[in-house]
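Protein chains in written order, with our numbering: chain A, 1 to 295; chain B, 1001 to 1295. Even glycine gets a Cβ: it sits at the ideal position worked out from N, Cα and C. Since we're looking at a predicted model, the values are computed, not measured. Okay, structure first, notes after.
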């Protein structure tokens, strides 16, 4: 399998600003084919033309990762938050167009939970239905914008602690089929699948051609090969659905076992991770390559 | 392996009150050897003598699960919360004594995160050290109380979204060794290990004789056998460390794939789960039995 392999910008720095364009050369030197970049915020001072030029110079492609919050939340019962979500996702299409990205992925439905300090709450059946309807309506609106721009939104289920909208691959399939627009596909992240799905390979086979983006993360978000993921089986499933899209890594767990460490909070690298990233990329590359020979 | 297999009270009802003693007969009829009961709160109206009698009548043993919160938090920098944590854990020893329980497990260190609406926050190194020191000091105080009462506290690491005190088995081992009191052992829960440890069987072997309680949960907290856990390998590791303690199940994920479902929030059963619980128990029993034959 020839899928391009990329790395999330947060592996190196956050925020990724106009002063960090040199990171693209680092990413290329490690062997990656693309960067997955958080959609720039105005305060990041990241000029889209400068970014586009730096990508071309480094020989890197790009995938965007959308950043929602409680005020950018198309599923919310608050009309202002819902409009904020729609406006933001339309902004993402414009930003992708300016940068030259074809895929923007993430929890596009909004409604963040633990990272917004929102605890799991009970939901009545009618409330669940209303939220799901708002999600599907909002995604339908922005999917057509992406399609018209030659792009696709990649909808990512998250684990139960990060959202209460969409957790399993089966739920994700239901939303993709309800929206039924080539401007919206499914994004699968093995970190979340490992918490919510019965079987990662089975879920990949169920998702099939709906899959437009894939994140290959270890169970603990450490470097690929240091956890319990069955990479050969996972890549065989990707081969079986003829997945030719990008495979992105996000191993920013960092190697640290101190007590009272906030593992879920983003932390900057505390060491030079180059060799570990090279090894992780090589493992994913090899598992992808081998998948063709073992159907 | 002859380990007793039990089930958490929340599988059936929450809160478990004085009106629910008949549930003990149900649990026995399904084939379980013990109930894991949330430590009763005063408002549960659960008389300890009545409970003890009902346990004897049903022929069930009992393990207790401690319920901490931000005001029962021995690791907190707030002296009142810290005292609240110490008082509560001492109350647990008394309650266990009254009921006839020998093990009280859970996230005894306090500092709940997502279920308390607390987001992951950055922590300075000195703050991490101070929190860890308070955790070890608090556990040392209550471990001696448990030991004097012929009991043991079972310290449970939780995943990164539920606490920022203790997530991995390696961290748990460090705390047990620092406290170094027979009144404190380690509790391992495969749901959390699957998110935080590199390998569940390796982690079990590392924990070794420190292990005093074990929770056998699927990756998604569904019924055993419906997820990605490698039960034979896990039980072989338990056999290798000669673990003879209880094995508890908490499959209260419920079978439900509706959109916008709050999976992390506790929900009552929506169907009769008896046959699924019998099958799950039988699978764990068989994996334990087989483990002796495959060293």
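### Chain-ordered chain B contacts of residue 293 (chain A) [CB-CB under 9 Å]
By Cβ distance, chain B contributes nothing, its closest Cβ being about 24 Å from residue 293 (chain A), past 9 Å.
#### Entry: Among A:45, A:21, A:78, A:131, the one whose alpha carbon lies nearest that of residue 55 (chain A)
A:21
### Query
In chain A, which residues lie with their C-beta within 7 Å of the C-beta of residue 1073 (chain B)?
Ordered by position in chain A, no residue passes the 7 Å Cβ test against residue 1073 (chain B), which lies about 12 Å from the chain.
### Message
With the cut-off set at 7 Å, would you say residue 1161 (chain B) and residue 161 (chain A) are in Cβ contact?
### Response
yes
### Query
Roughly how many whole angstroms lie between the Cα atoms of residue 1013 (chain B) and residue 1268 (chain B)?
7 Å
### Query
Per DSSP, residue 36 (chain A) is paired with what?
A:8, A:63
### Query
What separation, rounded to the nearest whole angstrom, lies between the Cα atoms of residue 1156 (chain B) and residue 1173 (chain B)?
11 Å
### Task
Taking C-beta pairs closer than 7 Å, name the residues in chain A that residue 1132 (chain B) reaches, listed in chain order.
259, 260
### Task
Consult DSSP for residue 263 (chain A) and reduce its assignment to one of helix, strand or coil.
coil
### Query
Should residue 1139 (chain B) and residue 1184 (chain B) be called a contact, given that it needs their Cβ atoms to be closer than 7 Å?
yes
#### Entry: Residue ranges of each alpha helix (DSSP H) within the segment 58-123 of chain A, 4 or longer
79-99
### Inter-stretch contact at 8 Å, needing at least 3 Cβ pairs: the segment 1241-1261 of chain B / the segment 1205-1216 of chain B
yes
### Query
Taking three-plus beta-carbon pairs below 8 Å as touching, is the segment 1229-1236 of chain B in contact with the segment 1254-1271 of chain B?
no
#### Entry: Cβ contact (3+ pairs, closer than 8 Å) linking the segment 1072-1082 of chain B and the segment 1182-1198 of chain B
no
### Message
Please identify the residue among A:206, A:191, A:163 whose C-alpha is closest to the C-alpha of residue 76 (chain A).
### Response
A:163
### Range covered by the alpha helix (DSSP H) that runs through residue 1197 (chain B)
No alpha helix (DSSP H) contains residue 1197 (chain B), which DSSP labels as neither H nor E.
### Query
First and last residue of the alpha helix (DSSP H) that includes residue 177 (chain A)?
169-179
### Task
Starting from residue 1215 (chain B), follow the alpha helix (DSSP H) in both directions and report where the run begins and ends.
Where residue 1215 (chain B) is concerned, there is no enclosing alpha helix (DSSP H), although the beta strand (DSSP E) it sits in stretches over 1211-1215.
### Message
Per DSSP, what are the beta-bridge partners of residue 185 (chain A) in this structure?
### Response
A:154
### Task
Please state whether DSSP places residue 1163 (chain B) in a helix, a strand or coil.
strand
### Query
From the beta carbon of residue 1187 (chain B), is the nearest beta carbon of chain A less than 7 Å away?
no
#### Entry: Spatial distance of residue 170 (chain A) from residue 260 (chain A) (CA atoms)
35 Å
#### Entry: Near the ligand ZN: residue 94 (chain A) beta-carbon under 6 Å from a heavy atom
Absent from the structure shown: the ligand ZN. Ligands present: none.
### Query
Among the residues of its own chain, which have a CB less than 6 Å from the CB of residue 1060 (chain B), if the five just before and after it don't count?
1024, 1028, 1034, 1035
### Query
Can you tell me the Cα-Cα spacing of residue 1109 (chain B) and residue 258 (chain A), whole angstroms?
15 Å
### Task
Just the C-alpha distance for residue 294 (chain A) and residue 209 (chain A), rounded to the nearest angstrom, thanks.
20 Å
### Task
Look at residue 1224 (chain B) and residue 1280 (chain B) and say whether their C-beta atoms are less than 7 Å apart.
yes
### Task
Give the secondary structure of residue 46 (chain A) by DSSP, where H, G and I count as helix, E and B as strand, and everything else as coil.
coil
### Query
Is any beta-carbon of chain B found at less than 7 Å from that of residue 171 (chain A)?
yes
### Query
Hey, is residue 1275 (chain B)'s beta-carbon within less than 7 Å of any beta-carbon in chain A?
no
#### Entry: residue 1 (chain A) beta carbon less than 7 Å from that of residue 206 (chain A)
no
### Of the residues B:1074, B:1026, B:1009, the one placed nearest residue 1130 (chain B), counting alpha carbons only
B:1074
### Query
Is the Cβ of residue 943 (chain B) closer than 7 Å to any Cβ of chain A?
Residue 943 (chain B) lies beyond the range of chain B shown here (1001 to 1295); nothing can be said about it.
### Task
Would you decide whether residue 1159 (chain B) is buried or exposed? Buried here means 16 or more other CB atoms lie within 10 Å of its CB.
buried
### Query
Going by DSSP, what residues sit across from residue 248 (chain A) in a beta bridge?
A:6, A:215
### Query
Near residue 1097 (chain B), which residues of its chain fall below 8 Å by C-beta distance, leaving aside the five closest residues on each side in sequence?
1149, 1151
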